[in-house]
Amino acid sequence: MADGEQSIGQVKAIVLLYDDNSKKWMPSGGVQGFSLVHLYENVNGSYRIVGHHCQTRQVVINFSIPKGLNYHEATPTFHQWRFKQLVYGLNFGSEEDAAVFSAAVKGALCTL
Ligand SMILES: CC(=O)N[C@@H](Cc1ccccc1Cl)C(=O)N1CCC[C@]12C=C[C@@H]1CC[C@@H](C(=O)N[C@@H]3C(=O)N4[C@@H](C=C[C@H]3C)CC[C@H]4C(=O)O)N1C2=O
C-alpha cells in the first residue's frame, strides 16, 4: 500500500475479468487461483481495491473505486462490476468473506 493508505478489509477471492470475445471469465493475470484482495482507504478519502495472487504474488487488480460504482452482488459468493470497457468479478472463498468485502465497499461508496 502507498503511504497515507490503510487496509480496511482483506479477503481471499479469485479475481476474474470477463472476456467479451470468448464470453468467458478469465483469471486476472492469467493464473488460476486465489488472491489476497484488500480494500485500501487513502487519507485523501479515496479507495482502491488491490489484489495480489497468492502463488505468483503479482498484482491482479488495482482498481480505484469511482463515485457511484454499481457493485453487483450476483450471488452470495460472486460479486461483479463494470468500469469503462472492463467487467471485474470476485469469486469469494466464502459467503462470510463476500459479505465482509461488500459491506466495506458499500461503506466506502457512501462516503464518495
Ligand atoms: C447488465 C450487465 O452488465 N449485467 C452484467 C452483470 C452486472 C449487473 C449489474 C451491474 C454490473 C454487472 Cl457486471 C452481466 O450479466 N454480465 C457481466 C459480464 C458477464 C455477464 C454477462 C453474461 C453472463 C451470463 C452468465 C453471467 C455470469 O457470468 N454468471 C456467473 C458465472 O457464470 N460465473 C462466475 C460466478 C457466478 C455466476 C453469477 C464465476 C465464473 C462463472 C462460472 O460460474 O463458471 N453473466 C454475466 O454476469
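Counted from 1, the sequence shown has number 10 at position 24 by our numbering; the numbering is strictly sequential. For each residue, glycine too, the CB sits at the ideal point set by N, CA and C.
Beta-bridge pairing of residue i - partner residues as DSSP gives them
| i | result |
| --- | --- |
| Y57 | Per DSSP, none; premise fails for Y57. |
| G37 | V23, I47 |
| V17 | None, per the DSSP bridge assignment. |
| N30 | Note: N30 sits in no beta bridge, so no partner. |
Residue range of the beta strand (DSSP E) that includes residue i
| i | result |
| --- | --- |
| G93 | G93 -> not in any beta strand (DSSP E); alpha helix (DSSP H) instead, spanning 81 to 95. |
| P52 | From DSSP, P52 is part of no beta strand (DSSP E); its letter is neither H nor E. |
| D5 | -9 to 5 |
| M12 | 10 to 13 |
| L72 | 72 to 78 |
Under 8 Å between C-beta atoms of residue i and residue j
| i | j | result |
| --- | --- | --- |
| M12 | L3 | yes |
| E(-9) | A94 | no |
| D83 | K9 | no |
| A90 | G(-5) | yes |
Inter-stretch contact (C-beta, 8 Å, three-pair minimum) for the region 27 to 44 and the region 0 to 17: Counting Cβ pairs under 8 Å, three or more are found: they touch.
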